[in-house]
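Asker: Before we start, here is the structure in question, set down as structure tokens.
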Amino acid sequence: MKVVLAEKPSVARDLAAFLGARSRHDGYLEGAGYQVTWALGHLVELKEPQDYDPDLRRWSLATLPFIPSRFELKVIDDGAVKKQFGVIRRLFMSADEVICATDAGREGELIFRYILELTGCAGKPVRRLWLSSLTEEAIGTAFRRLKPGSDYDRLYAAARCRSESDWIVGLNATRYYTVRFGAGGLLWSVGRVQTPVLAMIVRRDDEIRTFKPEPFWELTTRYRETVFKCTRDRFATLEAGQELERRVVGQPFEVTEVKKKPERALPPRLYDLTELQRDMNRRHGLSAAQTLKAAQTLYEAKVITYPRTDSQYLTTDKKPEIPGVLTALRPLKPAQIDKLDLRRLAFTARIIDDTKVGDHHAIIPTGKRPGSMAQPEQHVFDAVLTRLIAAFYPACEKEITTVDGASNEVPFRARGIRVVEPGWTELYPRRSEDPKGDDQVLPAFRPGESGPHEPTIERGETTPPKPFTENTLLGLMETAGKLVDDEQLKEALKERGLGTPATRAAIIETLLRRGYVIRSQKTLSATDLGRYLIARVHDRSLKSPELTGEWEAKLREIEAGRLDARRFMAEIARYTGTIVRAGEDARIDQGRFGDCPRCGRPVIEGKRGFGCSAWRDGCGFVLWKEYKGRPLDLARIRQLLQCRALFEPLTFAGSGPVILVMTDKAAENGRPGPGRARPVGERPVAGSASVRCADPRSWSARRSTAAAAPDRAAGSRSSRPSPGRRSACARPGRSSRRGGRHC
């Protein structure tokens, strides 16, 4: 008997229908020589410290770092999970062959291998079913191409390294910071991926919070209903601008040069999951988790291909299928598809590239027309179909016109864009037709023409960076915290992103669930709880997106067979030791005040405050000896400068207890930054705006006696949370003491 294990019941039903296994039993389907069963996402997890040694149930610095010599597995403590695992073990034990049909990717492989190992059936013959779509044709093709399970050993090695490294770093860091700084039962959840992402959000909030707008003035003039800007630098004072304005008032304006340059905007690439999530957040305000859920629903309904992909390309063998897909879906978008010659589709290198497809190709429709859908599914399906159509449309042809002019030798320039051939952009109509800036429509100018004009001085202000949205945060997670616009560089940095396309939404939701981040409409910002955590984490590498990105790149190297898994795990073990040592090194040094958060130079004492010793070089950092009428003694000054936060709350007139936290964006980068560093206080430390926290310790539920592996949930591929999973959630005002679990 051949036993097929799917990751979810819905997928198992589709496979069983194809195989002819129609006889229903408790926990599986049978027929035609097959038994088809299913997991419920993760059924098996890594054991917790107390499972190795009961004494480790008590959290203590003396036991850290704790790294098992060999990781062991256990069934998740939930009745339904244990029952289904028992069914799987019984079927596996009597099977002649086991077919792995879990999701085709790193985490799906981990789910299967953990189950196989814990059932004691690792020696059974195993073959792998690799599915990118759940249509009958795709299932049939996949069964004809079954491969030995050993072909995916490297994928499993990378998956196990991801699981164990998250466990090691998350558990040890969480226990360390909780025991050291979690007075009164406060739990600090720290993780290999979630903490760098939180640090990016805190850093952006600091940049916005400490930003000081600076005024500037620009000289513009209107000639023939066209706005020209002076090409000289902006003016720091109104007087400087007015001086130049007086030179051109009453003087004729002359056009000196007209340049026209064609420009082609190529169609966008097909969607990978991250780009789909970003687009849905930008256009419809869907969260990354909502987009993934909608895409998963469409995948299980067989109307789009596998969504958890990091590729924006198709493989060569998909070419023959695309005309049929577009033909089948023509009734949904007849006007758009009718403009394509489906017999001669232009498959460019931006669409087909076998070298840029890993586990799965880009997300495309399967050709099956969907039935009734909820609005998120409608948005996602329409976007996926439109993007496939757009890929075969011609480029958008534009004409960029630059007009240079002068008045009394003061140079001006206007720039306009004229769309010659809209091409693929006609599929994406603009929401606003109002021309702005370079989009203005220019009349026909000719060099040498001259006439009167209307000069004006316009005042403006520098603006702070914008708060993160899920769109912009996903973009930075994809490129390991680097701001990148160039497509080729962005593609290269994908190898070093934070998390994977399948886990990024879960990472964001984890930060929201634990109360470290809040969502307000589209924007994401850190709570005081999240800001305080980042201030308390002294190990800069634990907050470094670059380091975590390098680890993700090494996991890919393990998948490719270019890096030994043992070497990677040894590096993780060494790094975990540095987390503890970095915290121990962070004890208050009574022999100094601290380092400047802006430039890293030593801080010195003055009459009224403490300032940077590099003040002669232009560093303006200062921390006053008195804050909001309350003196700060030397102990608190050292805490703020060396630890970036006070250990205990302060009470000010007209407010409840508040925590002072030092903005730290420059220090976290390890290099000077442009912003000001100052203590931030006089705010409720937790809870909603209408609730003033009486004590910061009420930020969290009481500490769990269970292990806390914060990023573990982010790797889960289950369609629902695994029952019984212990999470290290520090969520204000929510606690559950049942079984020692949180939230």
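Just so you know, we're using my numbering here: the sequence shown kicks off at 286 and counts up by one.
We put the beta carbon where it would ideally sit given N, CA and C, even for glycine.
#1: Report the three-state DSSP secondary structure of T511 (helix, strand or coil).
#2: Kindly indicate which residue of L925, G470, Q875, E746 has the alpha-carbon position closest to the one of G896.
#3: If we call anything under 8 Å between Cβ atoms a contact, is H738 one with R567?
#4: My parser needs the beta strand (DSSP E) runs of 3 or more residues fully inside the stretch 366–408; what are they?
#5: Taking DSSP's pairing of strands, which residues face L431 in a bridge?
#6: Should E492 and G393 be called a contact, given that it needs their Cβ atoms to be closer than 8 Å?
#7: Using the C-alpha atoms, what's the distance from I674 back to L558?
#8: Quick one: what's got a C-beta closer than 6 Å to L304's C-beta in the same chain, skipping five residues either side?
#9: From the DSSP secondary-structure annotation, give me the bridge partner or partners of Y313.
#10: Considering only the beta carbon of each residue, do E763 and G782 sit closer than 8 Å?
#11: I need the straight-line Cα distance from E422 to E330, nearest angstrom please.
#12: For S898, collect the residues of the same chain with a Cβ closer than 6 Å to its Cβ; drop the 5 residues on either side in sequence, then sort them by chain order.
#13: Considering just the uninterrupted stretch of the alpha helix (DSSP H) at A676, what are its terminal residues?
#14: So which of L314, R804, P619, I685 has the shortest CA-CA distance to E548?
#15: When you compare only the Cα positions, how much space is there between V695 and L523?
#16: Can you give the Cα-Cα distance for R628 and V642, rounded to whole angstroms?
#17: D689 bridges to which residues according to DSSP?
#18: Once you ignore the five residues that flank D443 on each side, which residues in its own chain have a CB closer than 8 Å to its CB?
#19: Measure the alpha-carbon distance for Q527 versus L727 and round it to whole angstroms.
#20: Along the chain, which unbroken stretches of the beta strand (DSSP E) at least 3 residues long are found entirely within the stretch 758–808?
#21: When the Cα atoms are used, what is the spatial distance from D667 to H569?
#22: Would you call V487 buried or exposed, if buried means 16 or more other Cβ atoms sit within 10 Å of its Cβ?
#23: My output table needs one value for V296: the three-state DSSP class, helix, strand or coil.
#24: For S448, count neighbouring C-beta atoms within 10 Å of its own C-beta (all shown protein chains included) and say buried if the count is 16 or more, exposed if not.
#25: Let me know the secondary structure DSSP gives F520 once reduced to three states.
#26: Which term fits D388, buried or exposed, when burial requires 16 or more other beta carbons within 10 angstroms of its beta carbon?
#27: Okay, do the stretch 375–385 and the stretch 331–351 touch, 3+ Cβ pairs below 8 Å being the bar?
#28: So for I361, helix, strand or coil by DSSP?
#29: For a test of the three-state rule: what should DSSP assign to V289, helix, strand or coil?
#30: Quick one: grab the DSSP three-state call for I742.
#31: Report the three-state DSSP secondary structure of I352 (helix, strand or coil).
Answerer: Taking the coordinates as given:
#1: Residue numbering aside, residue 511 sits at position 226 when the sequence shown is read from its first letter. In this structure, T511 counts as strand in the three-state DSSP scheme.
#2: To locate residue 896, count along the sequence shown from 1; it is residue 611. Comparing Cα positions, the closest option is L925.
#3: Counting from 1 along the sequence shown, the entry for residue 738 is found at position 453. Counting from 1 along the sequence shown, the entry for residue 567 is found at position 282. Not a contact, by the Cβ cut-off of 8 Å.
#4: 382–386
#5: To locate residue 431, count along the sequence shown from 1; it is residue 146. None; L431 has no bridge partner.
#6: Start at 1 with the first residue of the sequence shown, and residue 492 comes out as number 207. Start at 1 with the first residue of the sequence shown, and residue 393 comes out as number 108. No.
#7: Taking the first residue of the sequence shown as position 1, residue 558 is located at position 273. Taking the first residue of the sequence shown as position 1, residue 674 is located at position 389. Rounded to whole angstroms, L558 to I674 spans 18 Å at the Cα level.
#8: As a working mapping, residue 304 is identified with position 19 in the sequence shown. If we look at L304 and ignore the five residues flanking it on each side, its Cβ neighbours are A317, Y319.
#9: Mapped onto the sequence shown, residue 313 falls at position 28. DSSP lists H310, T322 as partners of Y313.
#10: Mapped onto the sequence shown, residue 763 falls at position 478. Mapped onto the sequence shown, residue 782 falls at position 497. In this structure, G782 lies closer than 8 Å to E763 by Cβ.
#11: Counting from 1 along the sequence shown, the entry for residue 422 is found at position 137. Counting from 1 along the sequence shown, the entry for residue 330 is found at position 45. So the two alpha carbons sit approximately 34 Å from each other.
#12: Walking along the sequence shown from the start, residue 898 turns up at place 613. Answer for S898: R886, P887, I889, listed in chain order.
#13: Your numbering for residue 676 matches position 391 in the sequence shown. Per DSSP, A676 belongs to the alpha helix (DSSP H) from 660–676.
#14: Walking along the sequence shown from the start, residue 548 turns up at place 263. Measuring from the Cα of E548, the nearest candidate turns out to be I685.
#15: What you label residue 695 is simply residue 410 of the sequence shown in a count that begins at 1. What you label residue 523 is simply residue 238 of the sequence shown in a count that begins at 1. Roughly 17 Å separates the two Cα atoms.
#16: Position 343 of the sequence shown, counted from the start, is the residue given in the question as residue 628. Position 357 of the sequence shown, counted from the start, is the residue given in the question as residue 642. Straight-line Cα distance between these residues: approximately 25 Å.
#17: Mapped onto the sequence shown, residue 689 falls at position 404. Note: D689 sits in a beta bridge opposite E542, R698.
#18: What you label residue 443 is simply residue 158 of the sequence shown in a count that begins at 1. Position check: residue 443 holds Ala in this sequence, whereas Asp was assumed. These residues qualify, in order along the chain: R391, L840, R841, I843, E844, A850.
#19: For the purposes of this step, residue 527 is taken as residue 242 along the sequence shown, with counting starting at 1. For the purposes of this step, residue 727 is taken as residue 442 along the sequence shown, with counting starting at 1. Q527 and L727: Cα-Cα distance of roughly 27 Å.
#20: 802–805
#21: Translated into positions along the sequence shown, residue 667 becomes position 382. Translated into positions along the sequence shown, residue 569 becomes position 284. Their backbone Cα atoms lie some 12 Å apart in a straight line.
#22: Counted from its first residue, the sequence shown places residue 487 at position 202. V487 is buried by the Cβ-count criterion.
#23: In the sequence shown, residue 296 corresponds to position 11, counting from 1. Reduced to three states, the DSSP call for V296 is helix.
#24: In the sequence shown, residue 448 corresponds to position 163, counting from 1. Buried: at least 16 other Cβ atoms inside 10 Å.
#25: For the purposes of this step, residue 520 is identified with residue 235 of the sequence shown, where counting begins at 1. If DSSP states are grouped into helix, strand and coil, F520 belongs with the strands.
#26: Residue numbering aside, residue 388 sits at position 103 when the sequence shown is read from its first letter. D388 comes out buried.
#27: no
#28: The residue labelled residue 361 in the question sits at position 76 within the sequence shown. Of the three classes helix, strand and coil, the one that applies to I361 here is coil, per DSSP.
#29: Looking up residue 289 in the sequence shown gives position 4. In the structure shown, V289 sits in a strand (DSSP, three-state: E or B).
#30: For the purposes of this step, residue 742 is identified with residue 457 of the sequence shown, where counting begins at 1. Of the three classes helix, strand and coil, the one that applies to I742 here is strand, per DSSP.
#31: The residue you call residue 352 lines up with position 67 of the sequence shown. Coil at I352, not helix or strand.
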